[in-house]
Amino acid sequence: MNENQTNNQSPADSQIAAPLFKGVGLFLLLLLIAFILPDFIKIRTKTYTRSCHAAIERAEAAVAEFNIVAQASMNIPGNPVDLRLLRNKNYISKISLCPENGRYLFDSEGKIYCEKHGRKGREELKK
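Numbering of the sequence shown is given in this note's numbering, commencing with residue 18 and proceeding in unit increments.
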């Protein structure tokens with residue numbers, strides 16, 4: 018007695034079932050991705066925004082200290098924040114950049130904002 022006869026399954030049946038199981042597995046995988054991917058993107062975006070705003074707060078503190086010590090204002094509206102100068106003068110220990118490559122600029126009030134993430138207050142960072 019051969020193996021096909023003991024299982025009561027012909028080779029044709031197993032050839033049909035294998036692609037069906039692969040198709041169902043692929044469908045379930047795609048369904049899982051469809052539910053997880055939007056949440057992943059939302060979480061990543063929120064994390065990047067928080068990281069960017071935290072770097073802005075550190076840069077603002079360094080700029081304020083620089084302005085007091087140098088008795089000059091770095092805050093020129095529309096200009097980028099000179100993070101290298103702040104690092105070279107030891108106002109910051111390391112240069113923190115926007116995780117999505119946005120530039121840090123001064124707005125019309127002399128506050129720092131990111132081209133990509135804008136500016137939010139400290140209370141927004143705690144959420």
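From the three backbone atoms N, C-alpha and C, an ideal C-beta is built for every residue, glycine too.
| Asked | Found |
| --- | --- |
| Endpoints, the alpha helix (DSSP H) within which leucine 102 is located | 100-105 |
| Euclidean distance between Cα positions of arginine 139 and isoleucine 60 | Residue placement at arginine 139 is flagged as unreliable, the pLDDT there being 48, under the threshold of 50; a coordinate-derived value is accordingly withheld. |
| Run of the beta strand (DSSP E) containing leucine 122, from where it starts to where it stops | 121-123 |
| Spatial distance of histidine 70 from phenylalanine 38 (CA atoms) | 48 Å |
| Backbone secondary structure at proline 55 - three-state DSSP | helix |
| Pick from Ala51, Val41, Asn96, Gln88 that is closest to lysine 128, judged by C-alpha positions | Asn96 |
| Segments assigned alpha helix (DSSP H), at least 4 residues, entirely inside the segment 48-98 | none |
| Contact under 9 Å by Cβ, alanine 76 with isoleucine 109 | yes |
| Three-state secondary structure (DSSP) of glycine 40 | helix |
| Counted within 10 angstroms of its Cβ, other Cβ atoms place isoleucine 93 as buried (16 or more) or exposed | exposed |
| Beta-bridge pairing of glycine 135 - partner residues as DSSP gives them | Cys131 |
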